[in-house]
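Numbering (our numbering), first residue to last: 9 to 325.
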């Protein structure tokens with residue numbers, strides 16, 4: 009493939025399919041008559057998205073989580089889904105049953121119903137899930153205003169740490185290892201929090217491509233500067249990074265796959281968001297503020313550093 013990145017590839021399809029909008033969103037919105045519908049599709053490919061040793065049930069659930077997380081960031085309730093699976097000939101009947109059962113279990117977990125789908129044969133497992141939902145209002149990626157507070161659910165870094173533990177056989181204490189692997193293999197999208205708190209957001213986005221990518225995209229679309237003053241991280245992640253020689257900022261900012269919500273909140277709504285997080289027992293971090301300007305910067309110990317977009321991108325990472 010020529011040196012095109014994922015964003016350029018998407019732009020080509022937008023132009024050729026008659027949708028020339030340049031800005032992208034986490035979900036697609038369309039109307040039939042006066043009724044608005046929200047749709048999201050995501051693809052899980054065995055060779056690029058499933059770490060070695062992952063249980064089939066966890067892979068199936070994660071294919072659903074990818075869509076649910078986008079719905080969560082926009083305050084959308086999923087109602088129905090369709091699924092397409094490409095299966096290698098080596099798959100046994102038992103594996104296929106387990107795959108179907110795991111998808112059904114995920115639908116129950118996130119309170120929607122699969123209507124049907126499609127099957128095909130291929131060289132590796134591919135799961136495509138499309139969800140349909142409703143919402144009274146879609147919170148855009150753009151919309152951040154000067155002096156808004158930047159928040160995230162979290163913490164960040166565990167998913168990237170878990171992947172390092174799996175792929176590079178890194179060692180840590182058993183408690184941290186379990187936590188990190190769970191973040192990688194069985195992430196928890198913040199659906200209930202997003203559905204209830206999104207009405208207080210001025211802008212929002214799912215973080216699955218990496219926190220640095222999310223912040224830069226939101227700042228760009230809002231035409232504002234995002235000033236980060238605090239990282240959404242726990243001490244055990246920092247200790248793991250120090251022990252293993254990994255760069256903590258890479259784990260926190262660029263790892264991706266966290267499936268958290270990043271949002272900007274007007275100061276007048278901040279108390280409501282805090283209370284909502286407390287009621288739902290969701291960790292929420294206030295990581296910075298919005299100012300006039302462009303880009304994303306990290307302010308630490310009176311030093312200001314530009315925060316580059318180094319998150320996950322297909323065809324580049």
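We put the beta carbon where it would ideally sit given N, CA and C, even for glycine.
Going straight from the alpha carbon of residue i to that of residue j, what length do you get?
i           : j           : result
residue 181 : residue 44  : 49 Å
residue 67  : residue 271 : 27 Å
residue 142 : residue 237 : 35 Å
residue 121 : residue 114 : 10 Å
residue 63  : residue 231 : 42 Å
residue 116 : residue 139 : 13 Å
residue 208 : residue 103 : 43 Å
residue 77  : residue 58  : 18 Å
residue 96  : residue 134 : 9 Å
residue 269 : residue 239 : 14 Å
residue 193 : residue 302 : 35 Å
residue 220 : residue 73  : 21 Å
residue 277 : residue 112 : 37 Å
residue 119 : residue 284 : 21 Å
residue 316 : residue 132 : 34 Å
residue 293 : residue 286 : 12 Å
residue 295 : residue 243 : 16 Å
residue 130 : residue 69  : 20 Å
residue 291 : residue 282 : 9 Å
residue 288 : residue 98  : 43 Å
residue 158 : residue 223 : 9 Å
residue 188 : residue 168 : 8 Å
residue 91  : residue 65  : 15 Å
residue 199 : residue 100 : 34 Å
residue 61  : residue 25  : 38 Å
residue 247 : residue 297 : 27 Å
residue 162 : residue 80  : 14 Å
residue 263 : residue 55  : 18 Å
residue 259 : residue 41  : 45 Å
So what's residue i in DSSP terms, helix, strand or just coil?
i           : result
residue 25  : coil
residue 51  : strand
residue 104 : helix
residue 73  : helix
residue 94  : strand
residue 313 : strand
residue 13  : coil
residue 323 : Confidence at residue 323 is low in this model, with a pLDDT of 46, below 50, so its placement is unreliable and the value that follows should be read with caution. DSSP places residue 323 in coil when its eight states are reduced to three.
residue 61  : coil
residue 202 : helix
residue 20  : helix
residue 56  : helix
residue 116 : helix
residue 32  : coil
residue 99  : coil
residue 318 : coil
Can you name the residues that DSSP bridges to residue i?
i           : result
residue 38  : 45
residue 298 : 234
residue 89  : 122, 139
residue 304 : 234
Near residue i, which residues of its chain fall below 7 Å by C-beta distance, leaving aside the five closest residues on each side in sequence?
i           : result
residue 225 : 149, 213
residue 166 : 187, 188, 191, 245
residue 87  : 120, 140, 141, 142
residue 178 : 172, 252
So, at 6 Å on beta carbons, what are the nonlocal neighbours of residue i in its own chain, with the 5 sequence-adjacent residues on each side left out?
i           : result
residue 195 : 73, 267
residue 300 : 154
residue 280 : 208
residue 93  : 127, 135
residue 48  : 35, 75, 78, 139
Sorted by chain position, which residues of the same chain lie with C-beta nearer than 8 Å to residue i's C-beta, five sequence neighbours on each side aside?
i           : result
residue 160 : 215, 219, 240, 268, 269, 270, 271, 292, 293, 295
residue 255 : 249
In chain order, each beta strand (DSSP E) run of at least 3 residues that lies wholly inside the stretch 208–292: Counting whole runs of 3 or more residues, the stretch 208–292 contains the beta strand (DSSP E) stretches 211–214, 233–236, 269–273.
message: Runs of 4 residues minimum, wholly inside the stretch 119–193: which ones carry the alpha helix (DSSP H) assignment?
response: The qualifying runs are 166–176, 182–193.
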